[in-house]
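Numbering (full-length UniProt numbering), first residue to last: 1 to 332. Glycine residues also receive a C-beta, built at the ideal position from the N, C-alpha and C atoms. These numbers come from a predicted model, not from an experiment.
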Amino acid sequence: MSLREHNSFGLPAVARTLVRVRSEADVRRVVDHPEFGRAPKLILGGGSNLVLTRDVDAVVLKIEIEGRRLVAETEDAWIVEAGAGERWHDVVAWTLDQGLPGLENLALIPGTVGAAPVQNIGAYGVELKDRFHSLDAVDLITGRSVTLDAAMCRFGYRDSLFKQDLAGKSVVTRVRLRLPKPWVPALGYLDLERKMAETGDTHPSARTIFDWVCAIRRAKLPDPAAIGNAGSFFKNPVVSAEQCRDIIGRDPEIVHYPLPDGSVKLAAGWLIDACGWKGKSVGRAGVYERQALVLVNRGGASGAEVVTLARAIQESVYGRFGIRLEPEPVIV
1 MSLREHNSFG
11 LPAVARTLVR
21 VRSEADVRRV
31 VDHPEFGRAP
41 KLILGGGSNL
51 VLTRDVDAVV
61 LKIEIEGRRL
71 VAETEDAWIV
81 EAGAGERWHD
91 VVAWTLDQGL
101 PGLENLALIP
111 GTVGAAPVQN
121 IGAYGVELKD
131 RFHSLDAVDL
141 ITGRSVTLDA
151 AMCRFGYRDS
161 LFKQDLAGKS
171 VVTRVRLRLP
181 KPWVPALGYL
191 DLERKMAETG
201 DTHPSARTIF
211 DWVCAIRRAK
221 LPDPAAIGNA
231 GSFFKNPVVS
241 AEQCRDIIGR
251 DPEIVHYPLP
261 DGSVKLAAGW
271 LIDACGWKGK
281 SVGRAGVYER
291 QALVLVNRGG
301 ASGAEVVTLA
311 RAIQESVYGR
321 FGIRLEPEPV
331 IV
């Protein structure tokens, strides 16, 4: 089974076995299968956070569990649930259509609902953990269902328990999100501040913020349907205030965001651009002309070419700034 159509980079790879998972029962059937049960597993959602460098011997579980619903409403929040196979952006749009604001800053992030807590996705000042309630998952060893709350998921920056102890050992089947009441807009991000200044709208609605975020992302990021990519390829590095002051002393223009704990998040795209990588290529893999944080498939690229390019960028940034960039996608 070719995986080229199942990864947003459009990289060539073949899976020996692919199982479409549309329910928890489908997962249990794989666990109980005499051949598949003991085999290694690769969990595949939208394939938007994946770099395939080879054919896959593991059993690929293509998660296609659907469903969206409002599960509960309390005085201080709405709780909504979505199947792990739903497209994340579709669920964000659906919540707004239902009059349930809170996810608008996370609009247009590629991938599925099931991948969102694994990656602890985030954008424009909001992370999934800020809106997370709980999730259901199936253990790939025992076949048992478990429900995990936020503390159990051990969320970190683009990180969670599912990238640590439970990597490849558990399948997320449903995710519940907590949308706080009263709604308070999250506007403390440079691009959104620019939109407020441009439009004169200093009290935007959730729908307006959604539209702004979509416009900003479309202007910066290529559509995977047109040019293969996995979105932001590197995590924004977090450094100490002292390290940041040192870098500012040498590069006053560096884009940085102070964090509540006193550390500082640096814009990885700025670091890459400063090293001259924007628009450059290694083989058929390249750095997107409008956003240095995005690596792209210029046509017929292999996973090996993408990884070679990524490593060259890492070495370049480390050589100039002393910072080691960490890739966001899973490299297989």
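Practice item. For L148, name the three-state secondary structure that DSSP assigns. Key: Here residue 148 refers to the residue found at position 148 of the sequence shown. L148: strand per DSSP, three-state reduction.
Review point. Just the Cα atoms here: how many angstroms apart are D32 and D26?
Key: Working through the sequence shown from its first residue, we reach residue 32 at position 32. Working through the sequence shown from its first residue, we reach residue 26 at position 26. Those two C-alpha atoms are separated by around 10 Å.
Practice item. Would you mind giving the Cβ-Cβ distance between K129 and A150, rounded to the nearest angstrom? I have them listed as a contact below 8 Å. Key: Taking the sequence shown and counting its residues from 1, the one referred to as residue 129 is at position 129. Taking the sequence shown and counting its residues from 1, the one referred to as residue 150 is at position 150. Yes, K129 and A150 are in contact; Cβ-Cβ is about 6 Å, under 8 Å.
Practice item. Output the boundary residues of the alpha helix (DSSP H) element that contains K220. Key: For the purposes of this step, residue 220 is taken as the residue at position 220 of the sequence shown. First-last of the alpha helix (DSSP H) with K220: 206-220.
Point to revise | According to DSSP, residues forming a beta bridge with K280 | key: For the purposes of this step, residue 280 is taken as the residue at position 280 of the sequence shown. Answer by DSSP bridge pairing: none, since K280 is not bridged.
Exercise for review: Give me the Cβ distance between I63 and G114, rounded to the nearest whole Å; I'm assuming they're in contact under 8 Å.
Suggested key: By one-based count along the sequence shown, residue 63 stands at place 63. By one-based count along the sequence shown, residue 114 stands at place 114. About 5 Å; that satisfies the 8 Å criterion.
Review point. Looking at E86 and F210, is the spacing between their C-beta atoms short of 8 Å?
Key: Position 210 of the sequence shown, counted from the first residue, corresponds to residue 210. Position 86 of the sequence shown, counted from the first residue, corresponds to residue 86. Contact flag unset, no.
Exercise for review: Measure the alpha-carbon distance for P252 versus L100 and round it to whole angstroms.
Suggested key: Residue numbering aside, residue 252 sits at position 252 when the sequence shown is read from its first letter. Residue numbering aside, residue 100 sits at position 100 when the sequence shown is read from its first letter. The straight-line gap from Cα to Cα measures roughly 41 Å.
Check your understanding: For S2, which three-state DSSP category applies?
Key -> Locating residue 2 in the sequence shown gives position 2, counting from the first residue. S2 falls in the strand class under three-state DSSP.
Exercise for review: Please confirm if the region 34-48 is in contact with the region 69-79, defined as three or more CB-CB distances below 8 Å between the two stretches.
Suggested key: no
Check your understanding: When you compare each of Y189, I141, L192 to S170 by their alpha carbons, which one comes out closest?
Key -> The residue you call residue 170 lines up with position 170 of the sequence shown. Taking only the C-alpha atoms, the option nearest S170 is I141.
Review point. Whole-angstrom Cβ separation of V59 and A39, contact assumed at under 8 Å?
Key: The residue labelled residue 59 in the question sits at position 59 within the sequence shown. The residue labelled residue 39 in the question sits at position 39 within the sequence shown. With 8 Å as the limit, V59 and A39 qualify as a contact, their Cβ atoms being about 5 Å apart.
Point to revise | First through last residue of the alpha helix (DSSP H) which encompasses D246 | key: As a working note, residue 246 is residue 246 in the sequence shown. Taken as a continuous stretch (DSSP letters only), the alpha helix (DSSP H) holding D246 covers 241-250.
Check your understanding: Does the region 247-261 come close enough to the region 277-291 to have 3 or more Cβ pairs within less than 8 Å?
Key -> no
Practice item. Measure the beta-carbon distance from residue 358 to E24 and round it to whole angstroms, keeping in mind my assumption that it falls under 8 Å. Key: No information on residue 358 is available, as it lies outside the stretch 1 to 332 that the chain covers here.
**Study point:** Simplified DSSP state of residue 364, which is helix, strand or coil
**Key:** Since the first and last residues shown for the chain are 1 and 332, residue 364 lies out of range.
Review point. In chain order, what residues of the same chain lie with their CB nearer than 7 Å to the CB of S2, ignoring the 5 residues before and after it?
Key: One-based indexing of the sequence shown puts residue 2 at position 2. Taken in chain order, the residues that qualify are V14.
Practice item. Give the C-beta separation of N120 and R158 to the nearest angstrom, bearing in mind that I take them to be a contact with Cβ-Cβ under 8 Å. Key: Counting from 1 along the sequence shown, the entry for residue 120 is found at position 120. Counting from 1 along the sequence shown, the entry for residue 158 is found at position 158. Between R158 and N120 the Cβ distance is about 6 Å, and since that is below 8 Å, they are a contact.
Check your understanding: Cα separation between V91 and T147?
Key -> Taking the first residue of the sequence shown as position 1, residue 91 is located at position 91. Taking the first residue of the sequence shown as position 1, residue 147 is located at position 147. Cα to Cα, V91 sits roughly 21 Å from T147.
Exercise for review: Quick one: residues in its chain with C-beta nearer than 8 Å to the C-beta of N229, no 5 flanking neighbours on either side, listed in chain order?
Suggested key: Working through the sequence shown from its first residue, we reach residue 229 at position 229. Once the five neighbours on either side are set aside, the close Cβ partners of N229 are S8, F9, L221, P222, Y288, V294, L295, V296, N297.
Practice item. Compare the C-alpha of E66 against each of T53, E81, R54, V56 and name the closest. Key: Here residue 66 corresponds to residue number 66 of the sequence shown, with the count starting at 1. If we check each option's Cα against that of E66, E81 comes out closest.
Check your understanding: Near residue 379, what residues of its chain come up, given a Cβ to Cβ distance below 6 Å and the 5 sequence neighbours on each side ignored?
Key -> With the chain running from 1 to 332 in the structure shown, residue 379 is simply not present.
Point to revise | Check whether L309 and A268 have beta carbons under 8 Å apart | key: Position 309 of the sequence shown, counted from the start, is the residue given in the question as residue 309. Position 268 of the sequence shown, counted from the start, is the residue given in the question as residue 268. Not a contact, by the Cβ cut-off of 8 Å.
Practice item. Can you tell me the Cβ-Cβ gap for W183 and G102, rounded? I've got them flagged as a contact below 8 Å. Key: In the sequence shown, the residue the question calls residue 183 occupies position 183. In the sequence shown, the residue the question calls residue 102 occupies position 102. Rounded, the Cβ-Cβ distance is 6 Å, consistent with contact.
Review point. Per DSSP, which one or two residues make a beta bridge with Y257?
Key: Counting from one through the sequence shown, the residue named residue 257 turns up at place 257. DSSP output for Y257 lists K265 as bridge partner(s).
Check your understanding: Tell me the DSSP bridge mates of F321?
Key -> In the sequence shown, residue 321 corresponds to position 321, counting from 1. Partner(s): none; F321 has no beta bridge.
Check your understanding: For W78, which of helix, strand or coil comes out of DSSP?
Key -> As a position in the sequence shown, residue 78 is number 78, starting the count at 1. In the structure shown, W78 sits in a strand (DSSP, three-state: E or B).
Review point. Of the choices V19, V239, R28, whose alpha-carbon is the least far from that of L42?
Key: Stepping through the sequence shown from its first residue, residue 42 is reached at position 42. Cα-wise, what sits closest to L42 is V19.
Exercise for review: Using only alpha-carbon positions, find the residue among E315, I248, H89, I331 that is nearest to S302.
Suggested key: Within the sequence shown, residue 302 is the residue found at index 302, counting from 1. The shortest Cα separation from S302 among E315, I248, H89, I331 belongs to I331.
Point to revise | Same chain only: Cβ atoms within 7 Å of I248, ignoring 5 sequence neighbours per side | key: Position 248 of the sequence shown, counted from the start, is the residue given in the question as residue 248. Excluding residues within five positions, the ones whose Cβ falls inside 7 Å are I254.
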